[in-house]
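There are 2 protein chains.
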Amino acid sequence: MTGAPAFDIASLHAFYALGGTPDTIIGRVFARLAEVNDPGIFLHISDREALLAEVEALGPFDAEAKPLWGIPFAVKDNIDVAGMPTTAACPDYSYVAAVDATVVRLLKQAGALVIGKTNLDQFATGLVGVRSPYPIPRNAIDANLVPGGSSSGSAVATAQGIVSFALGTDTAGSGRIPAGLNNIVGLKPSVGALSTAGVIPACRTLDCVSIFALTVDDAWRVFDTTARYDAADAYSKDIPASGYGSLPPVLSIGVPAKADRRFFGDATMEASYENALAMLTMLGHRVVEVPFGDFYKVANLLYEGAWVAERYAAVKPFFDANEASFHPVTRKIYGGAKALSAADAFNGLYALQALKQTVQLLIDAVDVFCVPTAPSHYTLADLAAEPIRENSRLGTYTNFVNLLDMCGIAVPTGKRADGLPASVTLLAPSGRDGLAASLAREIHQAAGVSLGATSWSLPPAFPKPARIDEDGMIDLVVVG
Amino acid sequence: MTGAPAFDIASLHAFYALGGTPDTIIGRVFARLAEVNDPGIFLHISDREALLAEVEALGPFDAEAKPLWGIPFAVKDNIDVAGMPTTAACPDYSYVAAVDATVVRLLKQAGALVIGKTNLDQFATGLVGVRSPYPIPRNAIDANLVPGGSSSGSAVATAQGIVSFALGTDTAGSGRIPAGLNNIVGLKPSVGALSTAGVIPACRTLDCVSIFALTVDDAWRVFDTTARYDAADAYSKDIPASGYGSLPPVLSIGVPAKADRRFFGDATMEASYENALAMLTMLGHRVVEVPFGDFYKVANLLYEGAWVAERYAAVKPFFDANEASFHPVTRKIYGGAKALSAADAFNGLYALQALKQTVQLLIDAVDVFCVPTAPSHYTLADLAAEPIRENSRLGTYTNFVNLLDMCGIAVPTGKRADGLPASVTLLAPSGRDGLAASLAREIHQAAGVSLGATSWSLPPAFPKPARIDEDGMIDLVVVG
């Protein structure tokens, strides 16, 4: 990609500021699509001429007025983009959206350009990225590995440098797992921070729109552009995009107690996680081991409990009439929900409430949690052999998060000893997205890894986040 | 009752302070029981000798250390009192409780004396007070009228002056309707403020323990004694008993818009409600008409939606094995819940969430709401003719309250033109119990009505609640 800028927003905006044109960047997008040559990533690609017309309408480059001016992005295909089909990876369910989802509208208003709609685990049910009737997106780092899901196409498109960022959704980890498996950033906002209006529900009480990006700064800029209360979404909350760029000098960081860590035999992943914790200590933070049994119990509720009925409720008439249109694994999961009673649903809510009461004490005891994003990498062959078990294992550190109303961000921590991506996820209580993202930025900078599957480097950290002392004073970093 | 003090706490404590003994008061309790001679009020009555032994253990009178020293109270029979049977008005379900419910324990610790367990609509399902296999408690004001439920026995015991206060429960209005129909105060705390540990659930996500009392001051003292976070109740919240006794000079009081008021033809109740609103205006407050359609839609969810499945879930094994043990009306309601699916339950939650979003704007627009407690009085004959419809009508202004996480207090406003009790309920957002109670106190004083079915008067208002100006200054009322 000689001569073209990296696709992080800072590099693209520097390119535009120096007179570069979006036409050039759109050209790079299509060239990159051809180079990558993975028919599994996009289920629909924008018309090139239409994109150029959109660029015309943007007016002159102005990053103040339009903070995402000329930035190409992809949209998971369970999120509506006006005039494009929404399939949820279920062709028989497909419809052409009349209006943009709220988040898509906000991004377009900020100057961003929709490149296309991306593949997913059907109806966003899965963490593997292979439960789709379309070709499976290839993991951007190693084509033998599962790409992770359910937002597989969005993560791979970002990791491959085809787009600067992409929208996913995250109910059980779909915005974090594929980020971790493809060496990019995955920001899973506080529940309700981003509107789900125009998004096909998975579990309406838990669904989040999520953000894949090459850098934490970019993910935050997208979050800052889209975190808006929306009366069109009954679960919308007014969660301000605040607190990014400043960190207390010493954070108390909760991690699963050693005995409670689960890597299912992947010693390489375990070692990379320990390295990440050592990095946090070197950065001056305090790592605190926390018993994790109750978090796992919460996680189990998501698929073993009543919440799977939310997935069924979301498409009930379609499922009841068109069971055969479903992916076999998805069909089995949804079909199981039909037998659940309303009493089962409330018993699930009670079980969650009881666990919340004990887990809240642990959450209150630390500033933020740092968990492995995924416990292991799995190959496509592993998945074929154990389609349910390995999917479930991938959710070890993600399934409980939305049930506990936490925000999270997956961030690369470097390469494992075998060269595969390592990643941790930082978790914080609802509304503390800025804190989690600030720590993620610090980790990403310390990790010094290239972005996604590209050779691009993390752009220089400028301005460096100020550090806030515990007494509220700011340590100014004077350069030069 | 010549020579004996009134049973409000101030009068009883004045009696004790002057050397009166609890033995005398216990004597009055049993004498009053005999005078009233209503076998429907209590399902279990404490042993008199055991009560006298309890009094011995209290030590000398000390209202500072024990704010309910020597105060007799009754407990609805879905709340455990150690050593007594709990029946929930379903004899086959009965068990002897091993330990006190948390609220009962706190009250005993504060020096209060359990006189007995009171009758109720079976499993606290109903607002009428006649769905019990035991004799029906008589309305304390007019024996032709329904007593109101589900906490019928507790309300009648208080209104008859047998006890100073009584515990009820309130899921759909069971702590407010019988207060309104028996001319007493019914405090329905914020959801979670009082522990439900040791209480047979109706709808666990909505259940409240409630307080019947002769005066607002007494209800507040009981609330102040029992509002404690309890780790034994997963839905417990830390809601401080604060804000009582001070009122801004002008409250903005939301009332149903004229066109949205429902009295089902009871013009006398309508007139008494209009009188109450005129009283609020005379007290200096601002009455604001609010569209009430969405509140009624929320109310409908409680019995037409999925929440009835919570009732079924609470006693599922018992119901499945012993359907015939249930009251016919209760049995029909619970049986209907068996057919509801988990998808139905979640669809109910979604419908509520959507309504909450619009209703919240109305709630935010005022300080407090003032609604009729009940839209009408019904006779026992009315109920026999329409057992479901009249019950449902009674819940017009109560059913939506817990679903919207509000607190409420029913307070007498005087007599209707026909001499029957008139009552309004003040509603406020969660945690503002003190505000609602302060306004209720002001109304009760202005109404100047005798207490319950007794000839006792409201004790003199001392100390008078201070008024807080909008700028936070306190207007001191200088007496003499």
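The listed protein sequences correspond, in order, to chains A and B. Residue 0 is where the first sequence starts when you use numbering that gives the first Met the number 0, and the numbers rise one by one after that. Residue 0 is where the second sequence starts when you use numbering that gives the first Met the number 0, and the numbers rise one by one after that. Backbone N, C-alpha and C fix where the C-beta goes; we use that ideal spot for every residue, glycine too. As the structure is a computational prediction, the values presented were derived from the model and not from experiment.
Go ahead and label tyrosine 333(B) buried or exposed: buried means 16 or more other beta carbons lie within 10 angstroms of its beta carbon, across all protein chains shown. buried
If we count the other Cβ atoms within 10 Å of its Cβ and call it buried at 16 or more, is arginine 415(B) buried or exposed? buried
Is the segment 385 to 396 of chain A in contact with the segment 277 to 287 of chain A, if contact means three or more CB pairs nearer than 8 Å? no
Count the other C-beta atoms from every protein chain shown that fall within 10 angstroms of the C-beta of glutamine 359(B), then say buried if there are 16 or more, exposed otherwise. exposed
Close beta carbons around cysteine 202(A), own chain, < 7 Å, minus the five adjacent residues each side: Thr170, Trp306, Glu309, Arg310
Going by the DSSP bridge assignment, what does isoleucine 44(B) pair with across the sheet? Gly115(B)
Taking the Cβ atom as the reference point for each residue, do serine 150(A) and serine 194(A) lie within a distance shorter than 9 Å? no
Below 9 Å between beta carbons: does that hold for serine 271(B) and threonine 412(B)? yes
To be precise: take each residue of the segment 302 to 315 of chain B, compare its Cβ to all Cβ atoms of chain A, and keep it if any distance is under 8 Å. Which residues remain? Ala305, Ala308, Glu309, Tyr311, Ala312, Lys315
Which ranges would you report for the beta strand (DSSP E) in the segment 17 to 71 of chain A if only whole runs of at least 3 residues count? 41 to 44
Using 8 Å as the cut-off, can you tell me whether the segment 350 to 358 of chain B makes contact with the segment 87 to 107 of chain B, which would need three or more C-beta pairs spanning the two stretches below that distance? no
Express the C-alpha separation of isoleucine 8(B) and proline 458(B) in angstroms, rounding to a whole number. 10 Å
Tell me, please, whether the segment 207 to 227 of chain A touches the segment 443 to 454 of chain A by the rule of three or more beta-carbon pairs shorter than 8 Å. yes
Going by the beta-carbon positions, is the gap between threonine 372(B) and isoleucine 176(B) smaller than 9 Å? yes
If I measure Cβ to Cβ from threonine 1(B) and keep anything under 6 Å in the same chain, skipping five residues before and after, which residues do I get? Confidence is the limiting factor: at threonine 1(B) the pLDDT is only 44, short of 50, which leaves the residue's position unreliable, though a coordinate-based value still follows. Hits under 6 Å: none found.
Taking all protein chains shown into account, do 16 or more other C-beta atoms lie within 10 angstroms of the C-beta of proline 316(B), making it buried, or fewer, making it exposed? exposed
Measuring CA to CA, which of Leu361(B), Ser163(B), Gly197(B) is closest to aspartate 229(B)? Gly197(B)
Where the beta strand (DSSP E) containing isoleucine 210(A) begins and where it ends: 207 to 212
Among Ala353(B), Ser173(B), Gly179(B), nearest to asparagine 401(B) - alpha-carbon criterion: Ser173(B)
Below 8 Å, how does it come out for the segment 126 to 143 of chain B and the segment 91 to 102 of chain B: are there three or more Cβ pairs, yes or no? no
Is the number of C-beta pairs between the segment 69 to 82 of chain B and the segment 156 to 169 of chain B that are closer than 8 Å three or more? yes
Beta-carbon within less than 7 Å of aspartate 61(B)'s beta-carbon, same chain only, minus the 5 sequence neighbours each way: which residues are those? Trp68
Quick one: list the residues of chain A neighbouring threonine 204(B), beta-carbon separation under 9 Å, in chain order. Phe345, Leu348, Tyr349, Gln352
Determine, using beta carbons only, whether isoleucine 40(A) and glutamine 159(A) come nearer to each other than 9 Å. yes
Which residues does DSSP pair with isoleucine 78(A) in a beta bridge? Val198(A)
For glycine 58(B), the nearest candidate out of Glu48(B), Gly110(B), Asp417(B) (CA to CA): Gly110(B)
Any idea what DSSP makes of lysine 187(B), helix, strand or coil? strand
In three-state DSSP terms, what is phenylalanine 14(B)? helix
With distances taken between CB atoms, is the gap from alanine 218(B) to alanine 436(B) smaller than 9 Å? yes
Alpha-carbon spacing of glycine 19(A) relative to asparagine 181(A), whole angstroms: 29 Å
Backbone secondary structure at glutamate 385(A) - three-state DSSP: coil
Alpha carbon to alpha carbon, how far is histidine 12(B) from lysine 337(A)? 60 Å
Does leucine 246(B) come within less than 9 Å of chain A when only Cβ atoms are used? no
Nearest residue (CA-CA) to alanine 489(A), options Leu379(A), Pro428(A), Ala33(A): Outside the displayed range of chain A (0 to 479) lies residue 489(A), so it cannot be described from this structure.
Give, in chain order, every unbroken run of the beta strand (DSSP E) that is at least 3 residues long and sits entirely within the segment 218 to 286 of chain B. 251 to 255
Reference aspartate 417(A); option with closest CA among Arg220(A), Glu269(A), Val365(A): Glu269(A)
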